[in-house]
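Below: one structure, written as structure tokens.
There are 2 protein chains.
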Amino acid sequence: MPSQPASMRDVAHRAGVSLSTVSRVLRDAPGVAPEVRQRVQRAADELSYVVSRNASGLVTGRTGRVSVVVPFLRPWFFGAALSGISDALREADLDMLVYQVGETRSREGWARALPLRRNTDAVVTVSMDLSEEECRRLEDVGVPMVLMGQKVSGRASVYIDDRAGTAGATRHLLNLGHTRVAYIGSRSEAWYSTSSRHRLEGYEAAMAEAGLSPWPVVKAPGHTGGELAMGELLSDHEPPTAVLAEFDDIALGAHRTLRRAGVRVPDSISLMGFDNHDAAAVMDLTTVDQAPYDSGLTAGRLTVDILNGAARHTHVEMPTQLILRQSTAAPRTTRGLFP
Amino acid sequence: MPSQPASMRDVAHRAGVSLSTVSRVLRDAPGVAPEVRQRVQRAADELSYVVSRNASGLVTGRTGRVSVVVPFLRPWFFGAALSGISDALREADLDMLVYQVGETRSREGWARALPLRRNTDAVVTVSMDLSEEECRRLEDVGVPMVLMGQKVSGRASVYIDDRAGTAGATRHLLNLGHTRVAYIGSRSEAWYSTSSRHRLEGYEAAMAEAGLSPWPVVKAPGHTGGELAMGELLSDHEPPTAVLAEFDDIALGAHRTLRRAGVRVPDSISLMGFDNHDAAAVMDLTTVDQAPYDSGLTAGRLTVDILNGAARHTHVEMPTQLILRQSTAAPRTTRGLFP
DNA sequence: CACCCTCATGAAAACGTTGCCATAACCCGG
DNA sequence: CCGGGTTATGGCAACGTTTTCATGAGGGTG
Chain Y
6 MPSQPASMRD VAHRAGVSLS TVSRVLRDAP GVAPEVRQRV QRAADELSYV VSRNASGLVT
66 GRTGRVSVVV PFLRPWFFGA ALSGISDALR EADLDMLVYQ VGETRSREGW ARALPLRRNT
126 DAVVTVSMDL SEEECRRLED VGVPMVLMGQ KVSGRASVYI DDRAGTAGAT RHLLNLGHTR
186 VAYIGSRSEA WYSTSSRHRL EGYEAAMAEA GLSPWPVVKA PGHTGGELAM GELLSDHEPP
246 TAVLAEFDDI ALGAHRTLRR AGVRVPDSIS LMGFDNHDAA AVMDLTTVDQ APYDSGLTAG
306 RLTVDILNGA ARHTHVEMPT QLILRQSTAA PRTTRGLFP
Chain D
6 MPSQPASMRD VAHRAGVSLS TVSRVLRDAP GVAPEVRQRV QRAADELSYV VSRNASGLVT
66 GRTGRVSVVV PFLRPWFFGA ALSGISDALR EADLDMLVYQ VGETRSREGW ARALPLRRNT
126 DAVVTVSMDL SEEECRRLED VGVPMVLMGQ KVSGRASVYI DDRAGTAGAT RHLLNLGHTR
186 VAYIGSRSEA WYSTSSRHRL EGYEAAMAEA GLSPWPVVKA PGHTGGELAM GELLSDHEPP
246 TAVLAEFDDI ALGAHRTLRR AGVRVPDSIS LMGFDNHDAA AVMDLTTVDQ APYDSGLTAG
306 RLTVDILNGA ARHTHVEMPT QLILRQSTAA PRTTRGLFP
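Chains as they are written, first to last, in my numbering: chain Y, 6 to 344; chain D, 6 to 344.
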């Protein structure tokens, strides 16, 4: 149990060979006699020695590390995404650095504030909605980058088709026979979200296709926004019979308002979310699954492929999946919220 | 816009000084004339140069990186914890490596499989419930370690008092006048959890204190377990009037069963969770907040302090907080689930 | 004016690896 | 038995920093 960690020299000494040979063995490089190889391996094990990525990176130029940049770490979505990325990187024996840039973002310098320059082999951004200029700045770091949750032409991206997702969701409600279908979206000043815009567009397109006029209500993100928006909708002179929310958290907020108002779901109002949040299952909320774990896994593997120079598809569109639960149903034939 | 990232030599050349001087400037080391300092700083900025942690770590022995080891990344709890740790490390300009060891854990070698040895300054484990032996193996890595969500004497730990938490929760229900208070716990074969045991003990202690006999039901973790357990409780010849769940997810599962059975909360049965999960707010679930973000922040700062040799308290107990919402109330005076 | 101190600066030796080149040992065919 | 090729091994110079030590320029004091 050495208080100073063993170095390659120690291993070499113990195995009675030179540094070069030890290096070759530990890198699985050819040109070492099997017997010697075994001896070195044993010596390394006995000293529980592992190669310093620091030192090897210095000469190879590879750090064995991939940086993942996320706006936030708390929302459910990012945990799932990170989990996928982590698993993919582990397969390739790469370590994962995580940078949460949250509030820093508004300040101009977050991209350069991150010590990425010589310290990472690749950068994966998750739902960062980077502007063209931010992309360029990040590219300046000089390592490959993969964008998850954002589609940028000319740059490797893994994303879902938000428009198709909400369009499908909307059609589900229309197919049930609803005609008064409202949409609760979000807008935050701190964070401009492309996916937010796309989801609204998908809804609008499906409504237009059915010859109906869209009915969007936009509030601050989070469940509070959903609560307020639903309150507003309930106070309309003729409330909607179905409501689609931009994401599950909003839908859950809306659900709370309905519960308090004594409006039954789906009897009086059908409610739908988007994301397939953990809590959606337990709340029996019909939603659209976007499998962030799978996206993360894909993004991670894509990164590995690019690093190995074996990347083929640089744009990957992940499928979304309608999850039918108990919160949507055909509209009642009688009018009014309370039968 | 150099395709090869700039090195310190380039900066030195551009500023017309030696390597040593550049190094001193960028480390904020004393002994540089203000005018020169400024000149070097500018040169570095223009080349958008950042120090290679790889190279500096090689000589200082510090990597500027802290490893965080978690069993899983997906559950809500870990995102919040990581967020706090990340913020704390960022304050000290340390990078965060994340290792998700999930299933690997059962295999003996996860601790040594981690290439931590020379590649990290400290290790933070989150809810890993390490055995004494695993602790020792991890300590072999030769860097300070901080345990979050686990109390181990002689080792830096940040944790909550699970026993006190459930005891307080139980007393809340007892104070409302309930006498038939059941507890839904979890047990998984893959994962032995100390906190799980402690929470049960807290409940039992509070019940004993009130002279009541405990009524625990143990199922698999997750909301499915909650659903099943609640079904079981409802089929008792005299169902409980209040139920405490080991964590919110279980409580939410139980809530679903109640909803389906048409049993009203809190009118007929009071329901309580533990954790203050995102979804608990939206479901109006009374619960116990354990602020994983704050724990993460504390653990992160403790790590930084230890690294700076300034650690004072190596054991930090984080407070828990009862969050009163709408799912608990005094028991009805009339008997039966349906008034 | 000589002396010693302080302060700013530069030169050079680490740090722990990998890559390249040299060397030694061996095998094979002529 | 000798030349040429292959294969295993060692030596040494990088890689980009920090750190230690040396040097030299001023500046105050006696």
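Idealized CB from N, CA, C, for every residue including glycine.
All figures in this text were calculated on a predicted structure; none of them were measured in a lab.
Under the three-state reduction of DSSP output, His320 (chain D) falls in the strand class. The C-alpha of Val75 (chain Y) is placed about 21 Å away from the C-alpha of Ala225 (chain Y). By the beta-carbon neighbour count (other beta carbons within 10 angstroms, threshold 16), Pro271 (chain D) is buried. Comparing alpha carbon positions, the residue from Y:Glu137, Y:Leu135, Y:Val151 closest to Val129 (chain Y) is Y:Val151.
The CB of Trp220 (chain Y) never comes closer than 9 Å to any CB in chain D; the least such distance is about 23 Å. The beta-carbon separation of Asp126 (chain Y) and Val148 (chain Y), rounded to 6 Å, stays under the 8 Å limit for a contact. In chain order, Arg122, Arg123, Gly147 make up the part of chain Y whose C-beta sits under 7 Å from the C-beta of Pro10 (chain D).
Taking the beta carbon of Gly258 (chain D) as reference, the chain Y residues within 8 Å of it are Val287, listed in sequence order. In the DSSP annotation of this structure, Thr325 (chain D) is not part of any alpha helix (DSSP H), being labelled neither H nor E. Here DSSP, grouped into helix, strand and coil, assigns Ile189 (chain Y) to strand.
Against chain D, the CB of Leu87 (chain Y) has a partner CB under 7 Å away; the residue lies at that interface. Val268 (chain Y) sits away from Phe279 (chain Y), with the two beta carbons spaced by 7 Å or more. Taking a contact as a CB-CB distance under 8 Å, the pair Val103 (chain D) and Met101 (chain Y) counts as one, their CB atoms being some 5 Å apart. Gln105 (chain D) has a beta carbon lying within less than 7 Å of a beta carbon in chain Y.
For secondary structure counted as the alpha helix (DSSP H) over 4 or more consecutive residues, the region 240 to 323 of chain D holds these complete runs in sequence order: 253 to 266, 283 to 287, 297 to 312. With respect to the C-alpha of Met235 (chain D), the residue from D:Ala187, D:Phe83, D:Ala210, D:Ser218 having the closest C-alpha is D:Ala187. Annotated three-state conformation of Met212 (chain Y) is helix, per DSSP. Not one beta carbon of chain D lies nearer than 7 Å to the beta carbon of Met235 (chain Y). Using a Cβ distance threshold of 7 Å, Asp166 (chain Y) and Glu322 (chain Y) count as a contacting pair. Distances from the alpha-carbon of Ile189 (chain Y) to those of Y:Pro221, Y:Pro297, Y:Ala247, Y:Gln9 put Y:Pro221 closest. DSSP links Ile165 (chain D) through a beta bridge to D:Met323. Uninterrupted alpha helix (DSSP H) stretches at least 4 residues long and entirely within the region 34 to 96 of chain D occur at 39 to 51, 58 to 65, 81 to 96, given in chain order. Distance from the CA atom of Arg42 (chain Y) to the CA atom of Ala49 (chain Y), rounded to whole angstroms, is 11 Å. In this structure Ala34 (chain Y) is exposed. Its beta-carbon is surrounded by fewer than 16 other beta-carbon atoms within 10 angstroms. When C-beta atoms of the region 157 to 165 of chain D are compared with those of the region 173 to 185 of chain D, fewer than three pairs fall below 8 Å, so the two segments do not count as touching.
DSSP places Leu99 (chain D) outside both helix and strand once states are collapsed to three, so it counts as coil. Of Y:Pro120, Y:Arg176, Y:His228, Y:Ser240, the smallest CA-CA separation from Glu209 (chain Y) is found for Y:Arg176. In this structure, Gly258 (chain Y) lies near Glu232 (chain Y), with their beta-carbon atoms less than 7 Å apart. If you draw a 10 Å sphere on the C-beta of Glu251 (chain D), you find 16 or more other C-beta atoms in it, and that means buried.
For Pro219 (chain D), the CB contacts under 6 Å within the same chain, skipping 5 residues up- and downstream, are Glu209, Met212 in chain order. Under the three-state reduction of DSSP output, Val222 (chain D) falls in the strand class. Residue Y:Arg123 holds the alpha-carbon nearest to the alpha-carbon of Leu63 (chain Y) among Y:Arg123, Y:Arg29, Y:Asp15. Along the region 49 to 75 of chain Y, going in chain order, the ones with a CB nearer than 7 Å to a CB of chain D are Ser53, Val55, Ser57, Arg58, Asn59, Ala60, Gly62, Leu63, Thr68. Among the residues facing chain D, Trp115 (chain Y) is not included, as its CB has no counterpart in that chain under 7 Å away. Looking at the backbone, the Cα of Leu290 (chain D) and that of Phe82 (chain D) are separated by about 17 Å. A direct Cα-Cα distance of roughly 36 Å separates Asp145 (chain Y) from Ser300 (chain D).
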